[in-house]
Amino acid sequence: MSEKKNETITTKIWRETPEDDNPFAASACYCAGYDVYGDLLGKITLVEYLWLLFKLEPPTKTETLLLEGLAVALANPGPRDHSVHAAMSAGVGGSTRASALMAAIAVGAGSLGGGREIYTTIQYWQQCGTDIDAWRELLHNPPREERADVWPEMEHSPGFDPNGASCPTPVRQVLAHLAATSNGEILPWLRDHRQALEALADSPLAMSGVAAATLHELKFSPEQAEILFILLRLPGAAVHALEQERTGFNQFPFFGDGLTLTNDPGPV
Amino acid sequence: MDKISKELDRGPKLLKDSEDNWRTGMGAWFPGERVVLKGKDIFTELENVSWIEYLLRGITDKNDEELSKLAKLIEGSWRICTSFPDPRLWNNRICALAGTVRSTGNLGIAAGMAVSEATIYGLKPIKGGMDFLFRAKNALKNGSTIEELVKAELKAYRVVPGYGRPVTDKDERIGPLLKFAKAVDANIGEYTNLAFQIEEYFLNSRYKYRMNASAITSSLLADAGLTPEEYYYTAIPCFLAGMIPCYIDSLNHPLGSFFPIPTTRLRSTGSHDVRLWKQHHE
């Protein structure tokens, strides 16, 4: 009787050897050829390991510094950020802690300051590079998707804040730091052409714009950058959700007088 | 349906025996051919069943008549009690926030549903409310009084599920819910009577707790034969109809305009001194 061949999970990222007494436990796990628990542990930083997981090659010193800098810049978007607001809304109601992160992920996935914005902005970078004329053309004539998609259509220039006034200080600080750390051409070009691009977009550069430029310079694909950006912003959502869980809904904005019903039929 | 034993060996032998081996009486899809739920072909044997009844079939093992009654009761109680289209409510707020940043509807709503497993509202009190009635019934059978069991509950957990409510004490849902229960001829049995006896106790006590709609819903559904476990699964989609409008409404408003918060509305209670980070803290 011929035995049916087992279906398998195909991966370049991971390899395991079994324990002698149990094929369901690994005796060693290799990430891109490195023994995770026998070699990397104690030597590698979290940011270096993140890089290795995505890229399957170790980062250079500059790459580590850039990703480290970006990770710090993104780790806590602050309690006013939509994704953190979502996580805190879970916290104040005593919802499960996992749901606080799910809320932060769902809201932090959007095209205003979220993962989708990173994805789209990197596509812009891939198309325009450091050609200001190409940026002018694309920002003034953004592509329109002909087919229906689950994602709402992009309503603003990706990487720029449609509700901003001028480029906020932290965005400029992060861009200055990363451009000074960079040995590539994207980040210094963005620093030098920020104001020209802002004029073309008619809005200031956003933190998402700096993040997209950094991840593009580091040669993350739009898909990798989208998911990594969502991931890197979760620590702030986690701690603010936990804090509001302790504080409770009574001390959290309910916007009780903030909603006006425009077609209220009135009390019966 | 076949009950699958959980009493197999634990450990590697269980995993080895289970490799490529999932035995179930719950259901399966035969690609390109048919679908079976709990031994019934859904195209031929369940063709006249409503979606709510189909949902309940996946959760309970009740007969057709019981399912039909339960489905009516559940549909009405969801409309009256749990599908409020107000984006300020914490779970709905996730959906509105997802809309304002132009995330997808499904991401926002799935996260909103996950957040609905909250302590002050949603699935924890929903399951806990019916569980409390079950425990209360047993306690009374064993000689306790309502006063004793309420006090014990408050001492141990500081809340009595089904009684009290965040934001407001008044529960506008109770009247419509009772009217609806009467209209569908819902069985007012021992659990519903018990829920009202507990309300009666609170009204004559120094406590300010008042019965909320979840006590009535859970008692009516307990009288209709649901267990707390079944009620929990049944209630998972109960907020959905209020959530989708919140997402759509926010999507139709300008980008980022859902309750934006200026920096002046952060009341920071942490350190106001600016500290300098040292490279290596000891």
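These protein sequence lines are chains A and B, in that order. To convert, take the position in the first sequence, counting from 1, and add 2; that gives the numbering used here. To convert, take the position in the second sequence, counting from 1, and add 7; that gives the numbering used here. Heads up, the beta-carbon is just placed ideally off N, CA and C, and yes, glycines get one too. All figures in this text were calculated on a predicted structure; none of them were measured in a lab.
Fill in: Secondary structure of V174/B, DSSP reduced to three states
The sequence position of residue 174/B within the second sequence is 167, counting from 1. Look at V174/B here: in three-state DSSP terms it is coil, with no helix or strand label.
Discussion item. Assuming A178/A and L114/B are in contact, meaning their beta carbons sit under 8 Å apart, how far apart are those beta carbons, in whole angstroms?
Written reply: Numbered from 1 along the first sequence, position 176 holds the residue referred to as residue 178/A. Numbered from 1 along the second sequence, position 107 holds the residue referred to as residue 114/B. Rounded, the Cβ-Cβ distance is 34 Å, inconsistent with contact.
Discussion item. Within 10 Å of its beta-carbon, does D163/A have 16 or more other beta-carbons around it, so buried, or fewer, so exposed?
Written reply: Looking up residue 163/A in the first sequence gives position 161. Note on D163/A: 16 or more other CB atoms within 10 angstroms of its CB, so buried under the neighbour-count rule.
Practice prompt. Could you name the residues of chain B that H242/A contacts, counting a contact when the two beta carbons are closer than 8 Å?
Written response: By one-based count along the first sequence, residue 242/A stands at place 240. Result: empty, since nearest Cβ-Cβ is about 11 Å, beyond 8 Å.
Item to complete: Following the continuous beta strand (DSSP E) through A30/A, name the residue where it begins and the one where it ends.
Response: Sequence index remark: in the first sequence, residue 30/A carries index 28 (1-based). It spans N24 to C33 - the beta strand (DSSP E) in which A30/A sits, taken as one unbroken run.
Worksheet item: Between the C-alpha atoms of L147/B and A159/B, what's the straight-line distance to the nearest angstrom?
Response: The residue you call residue 147/B lines up with position 140 of the second sequence. The residue you call residue 159/B lines up with position 152 of the second sequence. So the two alpha carbons sit approximately 13 Å from each other.
Item to complete: Report buried or exposed for D83/A, applying the criterion of at least 16 other Cβ atoms within 10 angstroms of its Cβ.
Response: Along the first sequence, one-based indexing puts residue 83/A at 81. Flag for D83/A reads buried.
Worksheet item: Does any C-beta atom of chain A lie closer than 9 Å to the C-beta of A121/B?
Response: Translated into positions along the second sequence, residue 121/B becomes position 114. By this cut-off, A121/B is an interface position.
Practice prompt. Grab the span of the alpha helix (DSSP H) containing A88/A for me, first residue to last.
Written response: For the purposes of this step, residue 88/A is taken as residue 86 along the first sequence, with counting starting at 1. For A88/A, the uninterrupted alpha helix (DSSP H) segment begins and ends at H84 to V94.
Worksheet item: Shorter than 9 Å from the beta carbon of F257/A to some beta carbon of chain B?
Response: What you label residue 257/A is simply residue 255 of the first sequence in a count that begins at 1. By this cut-off, F257/A is an interface position.
Worksheet item: Where in the region 54-117 of chain B do unbroken runs of the alpha helix (DSSP H), each at least 4 residues long, occur, reported from the N-terminal end onward?
Response: Scanning the region 54-117 of chain B for uninterrupted alpha helix (DSSP H) segments of 4 residues or longer gives 58-66, 71-88 and 97-107, listed from N- to C-terminal end.
Worksheet item: Quick one: is G71/A near chain B, going by C-beta distance under 9 Å?
Response: Locating residue 71/A in the first sequence gives position 69, where the first residue counts as 1. No - not a single Cβ of chain B is within 9 Å of the one on G71/A.
Discussion item. Mapping the DSSP letters down to three states, classify Y36/A as helix, strand or coil.
Written reply: Here residue 36/A corresponds to residue number 34 of the first sequence, with the count starting at 1. Correct three-state label for Y36/A: strand.
Worksheet item: Got a sec? Which residues, its chain only, sit under 6 Å from T64/A by beta carbon, not counting five neighbours each side?
Response: Locating residue 64/A in the first sequence gives position 62, counting from the first residue. Cβ neighbours of T64/A beyond the five flanking positions: N185.
Item to complete: List the endpoints of the continuous alpha helix (DSSP H) containing W53/A.
Response: If you number the first sequence from 1, residue 53/A lands on position 51. For W53/A, the uninterrupted alpha helix (DSSP H) run begins and ends at L48 to K57, by DSSP.
Discussion item. Check whether the region 158-176 of chain A and the region 97-104 of chain A touch, using three or more Cβ-Cβ pairs below 8 Å as the test.
Written reply: They do not touch, by the three-pair rule.
Worksheet entry | Interface flag, I222/A vs chain B, CB-CB below 9 Å | One-based indexing of the first sequence puts residue 222/A at position 220. The sequence given here has Phe at residue 222/A, not Ile. Interface criterion not met: the Cβ of F222/A is under 9 Å from no Cβ in chain B.
Worksheet item: DSSP on R213/B, reduced to helix/strand/coil?
Response: In the second sequence, the residue the question calls residue 213/B occupies position 206. Reduced to three states, the DSSP call for R213/B is coil.
Worksheet item: Taking buried to mean at least 16 other C-beta atoms within 10 Å of its own C-beta, is S275/B buried or exposed?
Response: As a working note, residue 275/B is residue 268 in the second sequence. So S275/B counts as exposed.
Discussion item. Short of 7 Å Cβ to Cβ, which residues in the region 142-166 of chain A face chain B?
Written reply: From the region 142-166 of chain A, only V152, W153, P154, E157, H158, P164 and N165 have a Cβ closer than 7 Å to chain B.
Worksheet item: Is R41/B helix, strand or coil when you go by DSSP?
Response: Here residue 41/B corresponds to residue number 34 of the second sequence, with the count starting at 1. DSSP, reduced to helix, strand and coil, places R41/B within a strand of the structure shown.
Worksheet item: Between which two residues does the alpha helix (DSSP H) carrying P172/A extend?
Response: The count along the first sequence starts at 1 and reaches residue 172/A at position 170. If you look at P172/A, you'll find it in the alpha helix (DSSP H) that goes T171 to T183.
Fill in: Reduced DSSP category for H287/B - H, G, I as helix; E, B as strand; rest coil
Stepping through the second sequence from its first residue, residue 287/B is reached at position 280. Correct three-state label for H287/B: coil.
Worksheet item: Once you ignore the five residues that flank M218/B on each side, which residues in its own chain have a CB closer than 8 Å to its CB?
Response: The count along the second sequence starts at 1 and reaches residue 218/B at position 211. Spatial neighbours of M218/B in its own chain (CB-CB distance under 8 Å, excluding positions within 5 residues in sequence) are listed in chain order as G169, Y170, D178, I181, A202, F203, I205, E206 and F209.
Fill in: Nearest neighbour of E155/A, chosen from N259/B, R64/B, M33/B and R30/B [CA to CA]
What you label residue 155/A is simply residue 153 of the first sequence in a count that begins at 1. Taking only the C-alpha atoms, the option nearest E155/A is N259/B.
Worksheet entry | At least three beta-carbon pairs within less than 8 Å, the region 17-24 of chain A to the region 40-57 of chain A | The region 17-24 of chain A makes no contact with the region 40-57 of chain A: fewer than 3 CB pairs, one atom from each, lie closer than 8 Å.
Worksheet item: Would you call the region 56-71 of chain A and the region 211-220 of chain A touching, i.e. three or more CB-CB distances under 8 Å?
Response: Here the region 56-71 of chain A makes contact with the region 211-220 of chain A; the two share three or more CB pairs at distances below 8 Å.
Item to complete: Since I believe R100/B is in contact with S159/A (beta carbons under 8 Å), could you give me their beta-carbon distance rounded to a whole number of angstroms?
Response: As a working note, residue 159/A is residue 157 in the first sequence. As a working note, residue 100/B is residue 93 in the second sequence. Contact annotation, S159/A with R100/B: C-beta distance approximately 27 Å; criterion of less than 8 Å not satisfied.
Discussion item. So for W36/B, helix, strand or coil by DSSP?
Written reply: In the second sequence, counting from the first residue as 1, residue 36/B sits at position 29. When DSSP states are grouped into helix, strand and coil, W36/B belongs to the strand group.
Item to complete: Just mark S57/B as buried or exposed, buried being the case when its beta carbon has 16 or more other beta carbons within 10 Å.
Response: For the purposes of this step, residue 57/B is taken as residue 50 along the second sequence, with counting starting at 1. It is exposed - the Cβ of S57/B has fewer than 16 other Cβ atoms within 10 Å.
Worksheet entry | Cβ separation of G117/A and I229/A, assumed to be a contact under 8 Å, to the nearest whole Å | Residue numbering aside, residue 117/A sits at position 115 when the first sequence is read from its first letter. Residue numbering aside, residue 229/A sits at position 227 when the first sequence is read from its first letter. The C-beta distance from G117/A to I229/A rounds to 7 Å, short enough to meet the 8 Å contact threshold.
Worksheet entry | Where D9/B falls, given that 16 or more other Cβ within 10 Å makes a residue buried | Locating residue 9/B in the second sequence gives position 2, counting from the first residue. At D9/B the pLDDT is 47, less than 50, meaning the model places this residue with poor confidence and gives no usable figure here.
Worksheet item: For a contact meaning CB atoms closer than 8 Å, what does N113/B contact in chain A?
Response: Along the second sequence, read from residue 1 onward, the residue named residue 113/B stands at position 106. Residues of chain A passing the Cβ test: V152.
Practice prompt. Measure the C-alpha to C-alpha separation of F213/B and E155/B and round it to an integer number of angstroms.
Written response: On the second sequence, residue 213/B is found 206 positions in, with the first residue counted as 1. On the second sequence, residue 155/B is found 148 positions in, with the first residue counted as 1. Going by the sequence as given, residue 213/B is Arg instead of Phe. Taking the CA atoms as reference points, R213/B sits about 14 Å from E155/B.
Worksheet item: Three-state secondary structure (DSSP) at M156/A?
Response: As a working mapping, residue 156/A is identified with position 154 in the first sequence. The answer is coil: DSSP assigns M156/A none of H, G, I, E or B.
Worksheet item: When DSSP labels each residue in this structure, what does D9/B get in the three-state scheme?
Response: Here the question's residue 9/B lines up with position 2 in the second sequence. Confidence is the limiting factor: at D9/B the pLDDT is only 47, short of 50, which leaves the residue's position unreliable, though a coordinate-based value still follows. DSSP places D9/B in the coil class of the three-state scheme, outside both helix and strand.
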